[in-house]
Every structure is written in C-alpha cells, then in structure tokens.
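The next block holds one structure in the form of structure tokens; read it before the comments.
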Amino acid sequence: MRDTTSVEDSMTDTQTAGAPAAGGSVDKGDEKKQERVASLWSDALHDLRRNPVFLIGAFLVLCMLVLALVPGWFTAGSPHDAGACTLQNSLKRPSADHWFGFDIQGCDIYTRTVWAARNSVIVGIVTTTAVIVVGGGLGLLAGWLGGFWDSILSRITEIFFAIPLLLGGMLIMSGLKGNAWTVSLVMATLGWPQIFRIMRSSVLQNKNNDYVVAARALGADTLRITMRHILPNAIAPVIVVGAISLGVYIGAEAALSYLGIGVQPPEISWGLMVSDAKDRFLQAPHVLLFPAAALSITVLAFIMVGDAVRDALDPKLR
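Quick note: the sequence shown uses the numbering used here, first residue 292, plus one each step.
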C-alpha cells in the first residue's frame, strides 16, 4: 500500500521551499550573492584590501607610476631644457626654492630625480611583462605538452639560467648603446627562465586535477582546457614572483647605470645620479641622498606589494 502521508508531506515541503516570502517576492540579487562561490582570486582581493602592507606599497607604487607618466605635474621645468644646469649653482645645498639642492653640474636634483623615475619604471614594467609572457608561455607549453617538448625547452632554459643576471647584463650591455628599452630587452632575455620553471611546475601540478579530467571527458579541446582551466589556476605563483621581481629589475637597472653600462646620458637614471654623486658624498651628501632614497623607496614599494600578493594567494598562509 502506498504511503500517501509521506508523499503529501514531501509535496508540502517542496511548495513551501519554492513559495515566496510572506512579505513579497525573493530578491534575486540577494540570491545571487548568497549563491556566489568565493574563488581564490576574490578571497585574495578581499585580503589585500585589509592588508596595510599592500595598501602602503600600492600607494607608493601608484605615486611612482604617476611620477613616471606625467613628471610635469611635479616640477615646472625639465632637465633637458636649455639652461637647466648652471655651474654657478654647483653643489648648493637644499633650500626653500630648491628642495633637493644642486648637483656638481649645477642641475636641480629635485627635477632630475622626478624625471629619472620614468626610465626606472619603464625598465621594471617592460622587463617584468616580457619575462611573464615569454617565460610563462614557454612554461605553459612545456608543462602541458610534456615529453619531447618539455625536455627541449627545459634544456634551453638551463643554459640561460646558468648566466647570472647582472654579470650577463654587464657583458651584453658593454657592446650596446644603453637606454631604458635596451636594458629591458637584455634583462628580459636573461630573466625569463625563472618564470619558466615556476609556470612549468605549476602546470604539472594542475594538469591532472579532477576538473581537467572532467573537461576532457566532456569533450573540451586542448585550447579551451588550457585557457579556461590550466592557466587561471597556474598563473598565481607567476604573478607573485613577477611583482617581487619588478623591484629587483629596477635595482638591477640602477646597478648597470651606476657601472656606466646601463642608461647613458643625456638620459637620466637614479643609478646614473648615484654614480655621479659617489665622489662628492662627504662634501655634499644631498647629491647622493635623494636619488638613492627614491630608488630605495621604489624597490621597497614593489617588494611590499609582491609580498602581500604572495600572502593573499598562498593557501598555506590562510
């Protein structure tokens, strides 16, 4: 005999669950918010908004980016203008009219420090973008394809990985005309192997996960699986290393310029300014202090952002 009571009860429960609230219809927006599943990226963004280290670093990075894009907002003149440097002002100390004083050539240090941000930021951003695109792309191919292609790409990477960044940059730049774009190209050529190895390892960890196997079983093609499933889950460690490396590349550019084989005059770089000031440090400390401080703050800001992003994206730290 059929149990009509249980059937009626289940029907009643179903109707009650599907019925609108007594006060009116259910807000679809609230339903979507409740049903939204928090992802790694949304959780990371939430953590970053509450992280003071990230907020301070991001503010400093934003200031440096604006400084590099529109230096004219912060200083009236340009170091390339005629009469911008006057020997009569050589090594004058900071004053109310000239906050950072003058260098040995009688150039306003504040103006030069502001305009020097452009080359340093260009080197950092262009180099980081290039190493992520090249190293990340090759690492994705090596990890996904495996076998012969993985072996070939890994052996090529080991050759480049054996060349130290600064030493290799010194050897290559010694025969080239130094500017921000040349320095970026050289450092990207030597810096991509690190990103390659990180991306390859991340892809190898994700390629055999259940969601990839399910996508294959449903008939998804290789391109769709790679772009929709593998890449979004493998890119997180690459972004972390890239954010930290950006500050490292800015410091490397300053080191090459300090040695006289990076950015060359009439271009301006914080490394060049420090190099010009090293012999006058005891006589006029301000000549070295301000460009060195700008360089240190910029590198520190990018490293702070990178560390905060790492903490937000690393599940082990949650």
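Glycine included, each C-beta is placed from N, C-alpha and C at the ideal position.
Keep in mind that this is a model prediction, so the values were computed, not measured.
About 6 Å separates the Cβ atoms of valine 494 and isoleucine 521, confirming a contact at the 8 Å cut-off. C-alpha of threonine 480 to C-alpha of valine 422: approximately 8 Å in a straight line. Non-local beta-carbon contacts of glycine 363 in its own chain, meaning distances under 8 Å to residues more than five positions away in sequence, involve Ser369 in chain order. Within the same chain, Cβ atoms closer than 8 Å to the Cβ of alanine 359 are found at Ala408, Arg409, Ser411, Val412 and Ile413, the five residues on either side in sequence being excluded. For phenylalanine 393, the three-state secondary structure derived from DSSP is strand. Shortest Cα-Cα distance from phenylalanine 350 to any of Arg601, Leu591 and Ala603 involves Leu591. Around the beta carbon of isoleucine 463, 16 or more other beta carbons lie within 10 angstroms, which makes this residue buried. Going by C-alpha positions, proline 557 is about 16 Å away from leucine 550. In the displayed model, aspartate 399 falls within a strand according to three-state DSSP.
The closest CA to that of serine 386, considering only Ile400, Ala568, Ile535 and Asn497, is found on Ile400. Spanning the alpha carbons of serine 548 and glycine 437 requires a straight line of approximately 40 Å. Rounded to the nearest whole angstrom, the CA to CA distance from isoleucine 395 to serine 381 is 5 Å.
Between phenylalanine 391 and phenylalanine 593, the C-beta gap is not smaller than 7 Å, which leaves the two residues out of contact.
Bridge partners of cysteine 354 according to DSSP: none are assigned. One Cα belongs to cysteine 354, the other to alanine 511, and the distance between them is close to 44 Å.
Here serine 475 is not near valine 529, since their CB atoms are 7 Å or more apart. As the crow flies, the alpha-carbon of alanine 568 is around 14 Å from that of alanine 585.
Residue range 527–549 is occupied by the alpha helix (DSSP H) that includes alanine 545. Judged by beta-carbon spacing, isoleucine 486 lies within the 7 Å limit of glycine 426, meaning their Cβ atoms are closer than that value. Counting other Cβ atoms within 10 Å of its Cβ, leucine 537 reaches 16 or more and is therefore classed as buried. Here asparagine 342 is buried: its Cβ has 16 or more other Cβ atoms, across all protein chains shown, within 10 Å.
In the DSSP assignment, serine 381 falls outside any alpha helix (DSSP H), carrying neither H nor E. The alpha helix (DSSP H) runs lying completely inside the segment 553–591 and spanning 4 residues or more are 561–568, given in chain order.
Under the three-state reduction of DSSP output, serine 333 falls in the helix class. Restricted to the segment 426–508, not a single beta strand (DSSP E) segment is unbroken, complete and at least 3 residues in length. Rounded to the nearest whole angstrom, the CA to CA distance from serine 465 to isoleucine 552 is 6 Å. If you draw a 10 Å sphere on the C-beta of glutamate 544, you find 16 or more other C-beta atoms in it, and that means buried.
Judged by DSSP secondary structure, arginine 515 falls within the alpha helix (DSSP H) whose first and last residues are 513–516.
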